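**Q** Input: one structure, supplied below.
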Amino acid sequence: MVVVMVVCFLLCWLPYAAVALTATFGQPGLITPAASIIPAILAKSSTVYNPIIYVFLNKQGHVYFDSVQ
């Protein structure tokens, strides 16, 4: 479970970090505002993925959902 969470975190935040570093240290105007929107949305959405991963990969979560149904 931890490996999945770390991989998802990296997949969400690495594009944002790459765009931010390129915009800061690269040529001026290389990253347009439109091109920076998708990595920003992907990075912000990582807060949604972590609880979903935790619920579906945690054994106690399965026991809870089986008892509720």
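Mapped onto our numbering, the consecutive letters of the sequence shown carry residue numbers 1019 to 1087. Just so you know, even glycine gets a beta-carbon here, dropped at the ideal spot from N, CA and C. Remember, it's a predicted structure, so these values are computed and weren't measured experimentally.
#1: Thinking C-alpha only, which one of 1075, 1064 and 1081 is nearest residue 1026?
#2: Going by the CB atoms, is the gap between residue 1060 and residue 1033 shorter than 8 Å?
#3: To the nearest angstrom, report how far apart residue 1039 and residue 1077 are at their CA atoms.
#4: Does the beta-carbon distance from residue 1079 to residue 1073 come in below 8 Å?
#5: Find the nearest neighbour of residue 1057 within the set 1048, 1036, 1068 and 1045, judged by alpha-carbon distance.
#6: Between the alpha carbons of residue 1067 and residue 1046, how many angstroms are there, rounded?
**A** Reading off the structure:
#1: 1064
#2: yes
#3: 39 Å
#4: yes
#5: 1036
#6: 33 Å
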